[in-house]
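Here is the structure we will look at, set down as structure tokens.
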């Protein structure tokens, strides 16, 4: 049975969704609150989730090319930038993960599932506290350990999704060797040596990426995945950094890996 608190949370969610409008956020079409039923109706996204295009691909599914991956990353970053810097009041997404990034017919990404979002700290506050409700592997260290929540928590989660885009690996994958099960733990030592950056790239790319773009992408992911929240960039900085990567055209893709 849904109590008064549940009704309040549902209506608060509807109110939040009705206030935010951006090309990289899924549009709320309508909602239903009848009896014990609580339904949100979003626009249809024909290409499903990012998760479906990165992991466990069947032989008939072509992997995403480098340009599309960078385009998706930039769209996700712009959606978060809007929530943090433009939405009034600002919103912390709190549960960013590849399954919550939906793709339209042109592979443009839109953030979905705002069920866990929270308003950002008020003026004069540097963080807010919340019961940890994100997804394991995507949560920032401070949020997972203490419940301390800021927009920089979203930046960390973006870094995880971006690393998934670059590597084609799940953030947690118990089918891999023990030392590779956690994507972030596996990748962090590689961040320290640019000569090892190609090891981070998805093998399904077959080296079809500009090596300079790979280096920039890995560097951006590494900045977002800093353990200390204060050392991570803001999403507005990430959007600027991704501008170049998202503009790389297909004819630029044959890389310098072999040369």
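In UniProt numbering, the protein residues as written are 1 to 259. Where a beta carbon is used, it is the ideal one built from N, C-alpha and C, also for glycine. All of these numbers come straight from a predicted model, not from anything done at the bench.
Task: Environment of residue 8 [buried if 16+ CB atoms lie within 10 Å] - done: Taking the first residue of the chain shown as 1, we reach residue 8 at position 8. Exposed.
Task: Local Cβ density within 10 Å of residue 146, reported as buried at 16 or more and exposed below that - done: Stepping through the chain shown from its first residue, residue 146 is reached at position 146. Result: exposed.
TODO: Using three-state DSSP, classify residue 245 as helix, strand or coil.
DONE: Here residue 245 refers to the residue found at position 245 of the chain shown. For residue 245, the three-state secondary structure derived from DSSP is helix.
Task: Straight-line Cα distance separating residue 239 from residue 170 - done: Within the chain shown, the letter at position 170 stands for residue 170. Within the chain shown, the letter at position 239 stands for residue 239. CA-CA distance, residue 170 to residue 239, rounds to 23 Å.
Task: Cut-off 8 Å between Cβ atoms - residues of its own chain near residue 261, not counting five sequence neighbours on either side - done: Outside the displayed span of the chain (1 to 259) sits residue 261, for which this structure offers no information.
- [ ] Locate the beta strand (DSSP E) running through residue 37, then write down its first and last residues.
- [x] Against the chain shown, residue 37 aligns to sequence position 37. Unbroken beta strand (DSSP E) run through residue 37: 37-42.
- [ ] Tell me residue 110's beta-bridge partners as DSSP assigns them.
- [x] Your numbering for residue 110 matches position 110 in the chain shown. Per DSSP, 102.
TODO: Could you pull out every residue in the same chain whose Cβ sits closer than 7 Å to the Cβ of residue 93, ignoring the five residues on either side in sequence?
DONE: Taking the first residue of the chain shown as position 1, residue 93 is located at position 93. Only 80, 83, 111, 117, 154 meet the Cβ criterion.
- [ ] Would you mind reading off the limits of the beta strand (DSSP E) that contains residue 33?
- [x] One-based indexing of the chain shown puts residue 33 at position 33. Residue 33: member of the beta strand (DSSP E) spanning 28-34, first to last residue.
Open item on the list: Looking at the secondary structure, which residues open and close the alpha helix (DSSP H) in which residue 155 lies?
Closed with: In the chain shown, residue 155 corresponds to position 155, counting from 1. Residue range 151-167 is occupied by the alpha helix (DSSP H) that includes residue 155.
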